[in-house]
Amino acid sequence: MTFKKILSLGVLGTAMVAATANAEVRDIRIAVDVPYEPMEYRTPDGELTGFDIDLGNALCAEVGIQCEWVVQGWDGIIPGLMARKYDVIMSSMTINDQRREKVLFSDPYITPPSAWFGPADSAVETPDTDALKGMTVGVQRGTLQDNYATDLYGDVADINRYATADDMVLDMDSGRLDIVFLDYPIGKSTLLDSDAGNYRVIGEQITEPKEYFGDGFGMAFRQRDEDLANAFNEALVTLKDNGTYEEIYTTYFGE
Amino acid sequence: MDALMNGLEQLLAGNSIFTLQTLGYYGEGLVTTVQLVFLSLLIGLVLAIPLSIGRGAKRAWIRLPIFFFCYVFRGTPLLVQLYLIYYGVVFVDGIQDTWLWLILEKPFVPALVAFTLNTAAYTTEIFRGAIKSTPKGEIEAARAYGMSQRLMMRRIVMPSAFRRALPAYGNEVIFMLHASAIASVVTIMDLTGAARFVYARFYAPFDAFFFAAAIYLCLTFAILYFFRYLEKKLLAHLKPATG
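Residue numbers (my numbering), protein chains in the order written: chain A, 103 to 357; chain B, 1490 to 1732.
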C-alpha cells in the first residue's frame, strides 16, 4: 500500500514536471465552427479561411507556438473545450456573462457592427420608431439583433423571427420583409455581395449600446489557462500596433 | 385562466424571465394558436364531409382524386407541407402584384391552408371509415322505408357515422393542436413561438417550454372534456342499460 502510494506520487510528480515544462511553448488546437462567412469558412478547395483563421494564425505566430484548427459544431463547442478536445475556441463567440461562468475569455479582438439592410428602393433612410412604423422587420431568433429590435421597435413594427439567416434572406427575396437587422459582415455577404444591386445598407452601422451589442468576439480558454490567455492578449496588442491586424481586417471587411 | 394565474404568481415572486412582456408574448401566442387550430379544424371539417362521401363513391373520377388528395396529405409530414405552401407560393411569377399577395404575404394564411388541408385529409379518412362501418341493417331499414340514396345519407348514415367517428375525431383535434407547434418555423408567434423566443432570449429552455407545455395541457384538457361531454350526450343510446 505504501509502495503504491509512493508509486502514484512519483507518477503524478513526473506528470507535473512534464506539464510545467510544456506550459511555455505548448502547441495548441483551436476549435472553429464553419461556415460563418466571412469570419470563418472554407475556400472551394476545402481550405479553412476567414478573419478568425487568419488572425488566429497570426496570433499563434506572434506567441511562438504551432496551432492546429479543429472544426467543431457550435452546440458542443464549449463542452469540447472542457473535455480537452482542443485548447481554444476562436469562432465568432460573443463575450457574455453566461459564457464567462464556463470559460475564460481573451480581450475582444473584434466588435462586429450590426446594420439594417433593405431593398435598394426602400423608402427608409434612418431606421427609427417613425420610419419603422407598420413595417415587417426580420431578425434571427435569439440574436442580440433580435433583442435590440424587439425592445426598441417591437411595439410599432411587426417582428418576424427566423431560425437561420438563410430563411430570412428567402423571405426578403420574396418581398415578405421590408427590412432586416443583421451582423454587418453576415448581411454584407448574404445580401449585398450575393445579390448585388438589389439591396443596400440603411442608416449607420450600429455597435451601441453595450447592453445589447456586448463586448465583441473573444477567444475562449479553459478557466485555468490564464497564462495562455495572457500570451494571446499580449500578442493581440502587438498585432494591432504593428499593423498586421489592420491588414487582416481590410482583407475581409474592406474600408 | 389557469395559465394566467400561474404566470402572475411567478411574476410576484420577482421572476426575471416571466415579466409582463413575456407573459404578453405567451398570451398573444395562445390566441394565435387557438385561432389557427380552431379555424383549420372548422374549415377542415366542412371540407371533410363531402369529401368523405365522395371517397366512397362508385364513380372513379370522384373517388380517385379524393383518394389521391388524402394519400398525399397523410403521406407527407405536415412540416414539409407547410414549407411547400409558405415558400412555394413565392415561385408563382408575379404573385406579389396580385391581391392574393395581400393574404399570402403574412405567414398566417399559408399556415392555415397547410393545416386545413392536412386535417381535412385525416378527417376524410376517419369519416369514410365510420360511413363504411354503418350496420347493414340500418341501410336495409332505410331502403325498406323507401328513402332515396340522398335522404338515407342525410338521415341515417351520416348521423350514425358522426357518432361512431367522434372518439377518433377527438384524437385528431388534439393531434392538430400539437401539430400546430410547428407554425413557429414560418415566424408565426404561436405558443411555441413565444416559448422559443423566451428560450433564446433568457437561455432558459426549461422554464420557457415548461410554461408553454402547461398551457398546451390546459387546452388539451378542455378539448378532452368537450369531447367527453359530446360522447356522453350523443352516444347515450349505446351505453349498457342501468338499473
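For each residue, glycine too, the CB sits at the ideal point set by N, CA and C. This structure is a prediction, so every number in the text was calculated from the model and none was measured.
Exercise. Taking the Cβ atom as the reference point for each residue, do B:A1609 and B:Q1570 lie within a distance shorter than 8 Å?
Worked result: For this step, residue 1609 of chain B is matched to residue 120 along the second sequence. For this step, residue 1570 of chain B is matched to residue 81 along the second sequence. Cβ distance not < 8 Å, so B:A1609 and B:Q1570 don't count as in contact.
Problem set entry | Test item: CB-CB of A:R131 and A:Y188 under 8 Å | What you label residue 131 of chain A is simply residue 29 of the first sequence in a count that begins at 1. What you label residue 188 of chain A is simply residue 86 of the first sequence in a count that begins at 1. Contact check for A:R131 against A:Y188 passes: the beta carbons are separated by less than 8 Å.
Exercise. Taking C-beta to C-beta, are B:A1537 and B:T1612 nearer than 8 Å?
Worked result: Walking along the second sequence from the start, residue 1537 of chain B turns up at place 48. Walking along the second sequence from the start, residue 1612 of chain B turns up at place 123. In contact: B:A1537 and B:T1612 (Cβ atoms closer than 8 Å).
Problem set entry | Pairwise C-alpha distance: B:L1680 and B:P1648 | As a first step, residue 1648 of chain B is located in the second sequence; it is residue number 159 there, counting from the start. As a first step, residue 1680 of chain B is located in the second sequence; it is residue number 191 there, counting from the start. Taking the straight line joining both Cα atoms gives about 35 Å.
Exercise. Across which residues does DSSP place A:T231 in a beta bridge pair?
Worked result: The residue labelled residue 231 of chain A in the question sits at position 129 within the first sequence. Its beta-bridge partners do not exist; DSSP assigns none.
Exercise. Is any beta-carbon of chain A found at less than 8 Å from that of B:V1569?
Worked result: Position 80 of the second sequence holds residue 1569 of chain B. For B:V1569, the answer is no, since every Cβ of chain A falls outside 8 Å of its Cβ.
For this session: Give me whichever residues DSSP pairs with A:R144 in a beta bridge.
Result: What you label residue 144 of chain A is simply residue 42 of the first sequence in a count that begins at 1. A:R144 pairs with A:L150.
For this session: Could you tell me if A:D285 is buried or exposed, where buried requires 16 or more neighbouring beta carbons within 10 angstroms of its beta carbon?
Result: For this step, residue 285 of chain A is matched to residue 183 along the first sequence. Burial call: buried.
Exercise. Does A:N249 get closer than 8 Å to chain B when you measure Cβ to Cβ?
Worked result: As a position in the first sequence, residue 249 of chain A is number 147, starting the count at 1. Yes - at least one Cβ of chain B is within 8 Å of the one on A:N249.
Exercise. Can you name the residues that DSSP bridges to A:L206?
Worked result: Position 104 of the first sequence, counting from 1, holds the residue named residue 206 of chain A. A:L206 is bridged to A:F323.
Exercise. List, in order along the chain, the chain A residues whose C-beta lies closer than 9 Å to that of B:F1686?
Worked result: Stepping through the second sequence from its first residue, residue 1686 of chain B is reached at position 197. Those are R243, G244, D248, T252 and R263, listed as they occur along chain A.
For this session: Quick one: residues in its chain with C-beta nearer than 6 Å to the C-beta of A:V172, no 5 flanking neighbours on either side, listed in chain order?
Result: On the first sequence, position 70 is the one that residue 172 of chain A refers to. Hits under 6 Å: R131, A133 and Y188.
Exercise. Closer than 8 Å, CB to CB, is B:R1544 near chain A or not?
Worked result: Along the second sequence, read from residue 1 onward, the residue named residue 1544 of chain B stands at position 55. So no, B:R1544 is outside the interface.
Exercise. Does the region 1566-1585 of chain B come within contact of the region 1518-1529 of chain B, defined as at least 3 CB pairs closer than 8 Å?
Worked result: no
For this session: Please go through the same chain and pick out, in chain order, the residues whose beta-carbon is closer than 7 Å to the beta-carbon of B:L1519, but skip the five residues on each side of it.
Result: As a first step, residue 1519 of chain B is located in the second sequence; it is residue number 30 there, counting from the start. L1680 and I1704, listed in sequence order.
For this session: Could you have a look at A:E139 and say whether DSSP puts it in helix, strand or coil?
Result: Along the first sequence, read from residue 1 onward, the residue named residue 139 of chain A stands at position 37. Coil, per DSSP.
Problem set entry | Cut-off 6 Å between Cβ atoms - residues of its own chain near A:F283, not counting five sequence neighbours on either side | What you label residue 283 of chain A is simply residue 181 of the first sequence in a count that begins at 1. Closer than 6 Å at the Cβ level, and outside the excluded window around A:F283, lie W218, V241, Q247 and A251.
Exercise. Do we get a CB-CB distance below 8 Å when we pair A:S291 with the residues of chain B?
Worked result: Residue mapping note: residue 291 of chain A aligns to position 189 of the first sequence, counting from 1. It does not: the Cβ of A:S291 has no partner Cβ on chain B nearer than 8 Å.
For this session: Counting only the same chain and skipping the five closest in sequence on each side, list residues whose C-beta sits under 7 Å from that of A:S291.
Result: On the first sequence, position 189 is the one that residue 291 of chain A refers to. Excluding residues within five positions, the ones whose Cβ falls inside 7 Å are E139 and P140.
For this session: Please classify B:L1509: is it buried, with 16 or more other beta-carbons within 10 angstroms of its beta-carbon, or exposed?
Result: Position 20 of the second sequence, counting from 1, holds the residue named residue 1509 of chain B. So B:L1509 counts as exposed.
For this session: Give the DSSP-derived three-state secondary structure of A:G236 in the structure shown.
Result: Residue numbering aside, residue 236 of chain A sits at position 134 when the first sequence is read from its first letter. Coil.
Exercise. Straight-line CA distance for B:V1675 to A:L279?
Worked result: Within the second sequence, residue 1675 of chain B is the residue found at index 186, counting from 1. Within the first sequence, residue 279 of chain A is the residue found at index 177, counting from 1. When rounded, the distance between both Cα atoms is 13 Å.
Exercise. Looking at C-alpha atoms only, which residue of B:A1631, B:G1545, B:A1657 and B:F1597 is the closest neighbour of B:R1717?
Worked result: In the second sequence, counting from the first residue as 1, residue 1717 of chain B sits at position 228. Out of B:A1631, B:G1545, B:A1657 and B:F1597, B:A1657 has the C-alpha closest to the C-alpha of B:R1717.
Problem set entry | Contacting positions in the region 1682-1713 of chain B - beta carbon closer than 9 Å to chain A | G1682, R1685, F1686, Y1688, A1689, R1690 and Y1692
For this session: With 7 Å as the C-beta to C-beta threshold (strictly closer), list the residues of the region 264-279 of chain A near chain B in chain order.
Result: Y264, A265, L272, S276, G277 and R278
Exercise. Roughly how many whole angstroms lie between the Cα atoms of A:L254 and B:I1555?
Worked result: Within the first sequence, residue 254 of chain A is the residue found at index 152, counting from 1. Within the second sequence, residue 1555 of chain B is the residue found at index 66, counting from 1. Cα to Cα, the separation comes out at about 50 Å.
Problem set entry | Three-state class that DSSP yields for A:W171 in the structure shown | Along the first sequence, read from residue 1 onward, the residue named residue 171 of chain A stands at position 69. DSSP places A:W171 within a strand segment (E or B) once states are collapsed to three.
Exercise. Of all the options B:H1726, B:G1543, B:A1701 and B:Y1514, which has the alpha carbon lying nearest to the alpha carbon of B:K1621?
Worked result: The sequence position of residue 1621 of chain B within the second sequence is 132, counting from 1. Here the closest residue by C-alpha is B:G1543.
Exercise. Does DSSP classify B:F1686 as helix, strand or coil?
Worked result: By one-based count along the second sequence, residue 1686 of chain B stands at place 197. It is helical.
For this session: Alpha carbon to alpha carbon, how far is B:F1686 from B:L1708? Give it in angstroms, no decimals.
Result: Sequence index remark: in the second sequence, residue 1708 of chain B carries index 219 (1-based). Sequence index remark: in the second sequence, residue 1686 of chain B carries index 197 (1-based). So the alpha carbons of these two residues sit roughly 21 Å apart.
Exercise. By Cβ distance below 6 Å, which residues in the same chain neighbour A:K342 in space, the five residues on each side in sequence not counted?
Worked result: For the purposes of this step, residue 342 of chain A is taken as the residue at position 240 of the first sequence. Annotation for A:K342: no residue places its beta carbon closer than 6 Å to its own, counting only its chain and skipping 5 residues before and after.
Problem set entry | Candidates A:Y351, A:G220, A:M274 and A:E310, of which the one nearest A:R302 by Cα | Taking the first sequence and counting its residues from 1, the one referred to as residue 302 of chain A is at position 200. That would be A:G220, whose Cα lies nearest to the Cα of A:R302.
For this session: Buried or exposed for B:R1632, please, with buried defined as at least 16 other CB atoms from any protein chain shown within 10 angstroms of its CB.
Result: Translated into the one-based positions of the second sequence, residue 1632 of chain B becomes position 143. Around the beta-carbon of B:R1632, fewer than 16 other beta-carbon atoms lie within 10 Å, marking it exposed.
Problem set entry | Length of the line joining the Cα atoms of B:V1561 and A:K204 | Residue mapping note: residue 1561 of chain B aligns to position 72 of the second sequence, counting from 1. Residue mapping note: residue 204 of chain A aligns to position 102 of the first sequence, counting from 1. B:V1561 and A:K204: Cα-Cα distance of roughly 49 Å.
Problem set entry | Proximal residues to A:A333 (C-beta, below 7 Å), its chain only, five neighbours per side dropped | As a working mapping, residue 333 of chain A is identified with position 231 in the first sequence. For A:A333, where only same-chain residues beyond five positions count, the Cβ hits under 7 Å are V165.
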